[in-house]
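Student: Mind having a look at this structure? Questions to follow.
Chains as they are written, first to last, in this note's numbering: chain A, 31 to 482; chain B, 31 to 482.
Encoded structure:
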């Protein structure tokens, strides 16, 4: 009998899919899933829907709910952390305050991770939450696996694997992004074998095999002969970044294709302002422009409202809003592999330990790994091209280290050091003011104490 | 019988001191010194003065001169490279062109090396000259030591030690900068034992012992109780940066005191514009402001003119313009140590090979080393504080790698990558225009071909 705890279940950004996958995985019947959130109302919604979904799909899963994390952790085997401290609301407030001081898209947006709800230097509250959850796990269920899904995955997993003794896996879904590339250049998915490695939100396609043959030449051909036509009247959805001019430009700059969320970043070259973003990501300016991001937040709100309406009306089948098909997320299949010894390759975030040459062992990387009952066996994937290491991976890694240093050591000076290295900083005063404003936000009281 | 070759002897920035030290070192009598320069007029001046200085000091040194490097290298035991390709004139022209595009102080000025005749990314001609000289040495006198004194010492020595089989030592004099600190806080030099390590122009005082006791508390006390008074009516010379507010601020930021040229850098926090420079380095804005640097170039010109006048008037004793005391530079004592087995500790730039923990073995570091007839034995100096590694050493090292990559691989894209990471870059167009303008300079024809 397995027990899974989903922390931050109320947001549904992840939990709805996890509920689905759990109910649809026959080999995990009998599992208990404890849904945890501090927002009682949302917690009631996801819990109510989960129970109904289980009935509709004939699943034997016991869904519990609690606002008390420690209660949920009793006897837990797996903990999925999906929580964003303060939610999107606080993130947007903090971004707005930074933008008033000249930091377009907020101080957390950095060269190689522009994802708009990804905290880097401004994430004291989020990393503190990670550590608090981890400490509870160490106290209550130290043998449990912690699947870290909430961002920042790179910073968070490196922090947690250094500072705790827990079994931590970072999980994301960006690596599936190659499927969009395959679609555009018309390759059948079933014949494709793809490997993308690096750091979370910074992975690069090191292997692209179609029926056993290198398919990079096909991609190259598309870039050379068809991409311009493709982009001519291109009106992509905000999340459709895989085949953007930005992605292709990154490929030309660094020699490997960026996969998934990687294509959302690539430095200020593509992100300096809305006009620049439009040039590289189409009319909406991509996922992380003020337009694209607003559409994403709107999508989340609408989805939530649909859930709330469904919850309030028992005559609506839950399967009409949560499809009766598995989501493709890795969490539940990973549980299945670990519990039921179903050997499979997953894309996970774990300490490097030699998987990628040239990266320190205690830095978390995103790589493929074989998982079965024995645990996780990372695949040694060799090295990334020198150009990518020098211009992307090492600078990104340094930023991660700066963020952890600021979290672990505190003080105001490290926030300032960060901003002194931000190309948007025009003066010392501007940086100081931005820090003062952010630390002055009511929900940052503890953070202000830490960074005093 | 020892043979020394001084390449770039005509500039006299270094050669005048080397001539002096050689003549004043009795144990090296019988040495032949071949002075090399492509500027015949200046070569005649330094050669004439060297011969007269030898007579005046009763030295038994044979001074030769030639414009043909290969001739000079026959049977050479030591080669001192002091040459700046294109001289200061080209450097200033290139800087001016960059400044017109918004790159104050030129594209080569970077966070942790603002030294104003130090090429980083714009230094194709200089690094090409280094490699050409090295290839000649490999052909003609492969057993000779190459003492690399011309900047960029960090980039140049890393390049030369990776790409050739020569015995290369990088030499600078910045590490003596602690003497100025000792003077200000009134410590007697003879009781001081100081260690400063890192990269050239980026060294940090890891040990500061006065009569065997840690003297950092004395420095700390000066900072806390007397520095403000000291700076009140401070009118430093342009080169007087050791005890500047910038140096003290760096100490506070990174935990160790910056030594020598290190204090000239420290990021754009101190260098954004002339006003900022004045705030941190006094009324002249420090060594690398438009004021300070102009004064330095004026000093070089005046010194040169004095040499030319002395050369033209045999009645002036050369010892009246070149003092009859050794300069304190390490070159000649190093030759003495290697040739005559005079064991001594020197501050040199050599591949790390474990000397500083956490820095790759093939990156050149500046560390103390014991030198005698057997050669150079670097002292393993442990590690630098994590904060310094994360915020200074690693970012500086990445810039060095970018510069070498651009030199070795060529292409225009790597110049652009560099500028995309420059905080002065406001747009892609600006960066492109700066590159176009610099590559369009008449003396950059070969560079333009390389970076096409």
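All C-beta atoms, glycine included, are put in the ideal place defined by N, C-alpha and C.
Given the structure is predicted, the values throughout are model-derived calculations rather than measurements.
For the stretch 426–444 of chain B, list every residue whose C-beta sits within 7 angstroms of some C-beta in chain A, in sequence order.
Tutor: Those would be 428, 431, 432, 435, 443, in chain order.
Student: Taking three-plus beta-carbon pairs below 8 angstroms as touching, is the stretch 181–191 of chain A in contact with the stretch 144–161 of chain A?
Tutor: With a cut-off of 8 angstroms, the stretch 144–161 of chain A and the stretch 181–191 of chain A count as touching, because enough Cβ pairs lie within range.
Student: Where do the ends of the beta strand (DSSP E) carrying residue 225/A lie?
Tutor: Here the beta strand (DSSP E) through residue 225/A covers 222–229.
Student: Could you check what DSSP says for residue 244/B in three-state terms: helix, strand or coil?
Tutor: Strand at residue 244/B.
Student: Report the CB separation of residue 64/B from residue 35/B in whole angstroms; it is logged as a contact under 8 angstroms.
Tutor: Confirmed, Cβ separation roughly 5 angstroms.
Student: Would you please state the rounded distance, in angstroms, between the beta carbons of residue 199/B and residue 406/B? I believe it to be under 8 angstroms.
Tutor: Their Cβ separation, rounded to whole angstroms, is 7 angstroms, which keeps residue 199/B and residue 406/B in contact under 8 angstroms.
Student: For residue 456/A, is the beta carbon positioned less than 8 angstroms from some heavy atom of the ligand NAD?
Tutor: The ligand NAD is not among the ligands present in this structure, which contains no ligands whatsoever.
Student: Strictly by DSSP, which residues pair up with residue 408/B?
Tutor: According to DSSP, which records beta bridges pairwise, residue 408/B is partnered with 399/B.
Student: Express the C-alpha separation of residue 255/B and residue 67/B in angstroms, rounding to a whole number.
Tutor: Computed Cα separation, rounded: 51 angstroms.
Student: To the nearest angstrom, how far is the alpha carbon of residue 145/A from that of residue 302/A?
Tutor: The alpha-carbon atoms of residue 145/A and residue 302/A are separated by roughly 14 angstroms.
Student: Excluding five sequence neighbours on each side, which residues of the same chain lie with their C-beta closer than 6 angstroms to the C-beta of residue 365/B?
Tutor: Once the five neighbours on either side are set aside, the close Cβ partners of residue 365/B are 108.
Student: Entirely within the stretch 76–146 of chain B and at least 3 residues each: give me those beta strand (DSSP E) ranges in chain order.
Tutor: Runs of the beta strand (DSSP E) inside the stretch 76–146 of chain B: 92–96, 108–111.
Student: Give a yes or no on whether the minimum CB-CB distance between residue 469/B and chain A is below 9 angstroms.
Tutor: Chain A contact via Cβ: absent.
Student: Classify residue 355/A as buried or exposed, calling it buried when 16 or more other Cβ atoms lie within 10 Å of its own Cβ.
Tutor: Exposed, since its Cβ has fewer than 16 Cβ neighbours within 10 Å.
Student: Hey, could you find the ends of the alpha helix (DSSP H) residue 160/A is sitting in?
Tutor: Run containing residue 160/A: 154–170, per the alpha helix (DSSP H) assignment.
Student: What is the C-beta distance between residue 271/B and residue 253/B, in whole angstroms, given that I count them as a contact (C-beta under 8 angstroms)?
Tutor: Not confirmed; about 15 angstroms, so no contact.
Student: Out of 333/B, 214/B, 362/B, 208/B, point me to the one whose CA is closest to residue 292/B's CA.
Tutor: Checking every option, the nearest Cα to that of residue 292/B belongs to 208/B.
Student: Is the stretch 447–462 of chain A touching the stretch 117–137 of chain A, taking contact as three or more C-beta pairs under 8 angstroms?
Tutor: Enough Cβ pairs lie closer than 8 angstroms, so yes.
Student: Would a C-beta distance cut-off of 9 angstroms place residue 368/B and residue 234/B closer than the cut-off?
Tutor: No.
Student: Measure from the alpha carbon of residue 46/B to the alpha carbon of each residue in 136/B, 77/B, 91/B, 210/B, then state which is nearest.
Tutor: Looking at the Cα atoms, 77/B is the closest of the given residues.
Student: Within the same chain, show all residues whose beta-carbon is closer than 6 angstroms to that of residue 480/B, passing over the 5 residues directly before and after it, in chain order.
Tutor: Excluding sequence neighbours, residue 480/B sits near 154, 440.
Student: Is the beta carbon of residue 471/A closer than 9 angstroms to that of residue 442/A?
Tutor: Going by C-beta atoms, residue 442/A is not nearer than 9 angstroms to residue 471/A.
Student: What is the C-beta distance between residue 402/B and residue 371/B, in whole angstroms, given that I count them as a contact (C-beta under 8 angstroms)?
Tutor: Their Cβ separation, rounded to whole angstroms, is 5 angstroms, which keeps residue 402/B and residue 371/B in contact under 8 angstroms.
Student: Identify, in the order they occur along the chain, each residue of the same chain with its Cβ nearer than 8 angstroms to the Cβ of residue 51/A, setting aside the five sequence neighbours on each side.
Tutor: Counting only Cβ-Cβ distances below 8 angstroms, and skipping sequence neighbours, we find 356, 357, 359, 361, 362, 363.
Student: What span of residues does the beta strand (DSSP E) with residue 516/B cover, start to end?
Tutor: A query on residue 516/B cannot be resolved here, the shown segment of chain B reaching from 31 to 482 and no further.
Student: If contacts are defined as beta-carbon pairs under 8 angstroms, then residue 258/A and residue 170/A qualify, I think. What distance do you get, rounded to the angstrom?
Tutor: So it is not a contact: roughly 57 angstroms between Cβ atoms.
Student: Of the residues 71/B, 260/B, 265/B, which one's Cα is nearest the Cα of residue 97/B?
Tutor: Of the candidates 71/B, 260/B, 265/B, the one whose C-alpha sits nearest the C-alpha of residue 97/B is 71/B.
Student: Near residue 307/B, which residues of its chain fall below 7 angstroms by C-beta distance, leaving aside the five closest residues on each side in sequence?
Tutor: Excluding positions up to five away in sequence, the list reads 300, 301, 315, 316, 319.
Student: Report yes or no: do three or more beta-carbon pairs, one from the stretch 407–419 of chain A and one from the stretch 233–249 of chain A, lie closer than 8 angstroms?
Tutor: Yes, the stretch 407–419 of chain A touches the stretch 233–249 of chain A.
Student: Leaving out five residues on either side along the sequence, give the residues of the same chain with a beta carbon under 6 angstroms from the beta carbon of residue 141/B.
Tutor: Counting only Cβ-Cβ distances below 6 angstroms, and skipping sequence neighbours, we find 297.
Student: What in chain B is Cβ-close to residue 424/A, meaning under 8 angstroms?
Tutor: The contacting residues are 424, 428.
Student: Flag residue 298/B as yes if its beta-carbon sits less than 9 angstroms from any beta-carbon of chain A, otherwise no.
Tutor: Yes - at least one Cβ of chain A is within 9 angstroms of the one on residue 298/B.
Student: Pull up the distance between the alpha-carbon of residue 186/A and that of residue 429/A, whole angstroms please.
Tutor: Straight-line Cα distance between these residues: approximately 13 angstroms.
Student: Find the residues of chain B that neighbour residue 480/A, judging by a C-beta separation of less than 7 angstroms, and give them in chain order.
Tutor: Simply none; closest approach about 17 angstroms.
Student: Using alpha carbons as the reference points, say which of 79/B, 87/B, 42/B lies closest to residue 59/B.
Tutor: Cα-wise, what sits closest to residue 59/B is 87/B.
Student: Does the Cβ of residue 31/B have 16 or more other Cβ atoms within 10 Å, making it buried, or fewer, making it exposed?
Tutor: Residue 31/B is exposed by the Cβ-count criterion.
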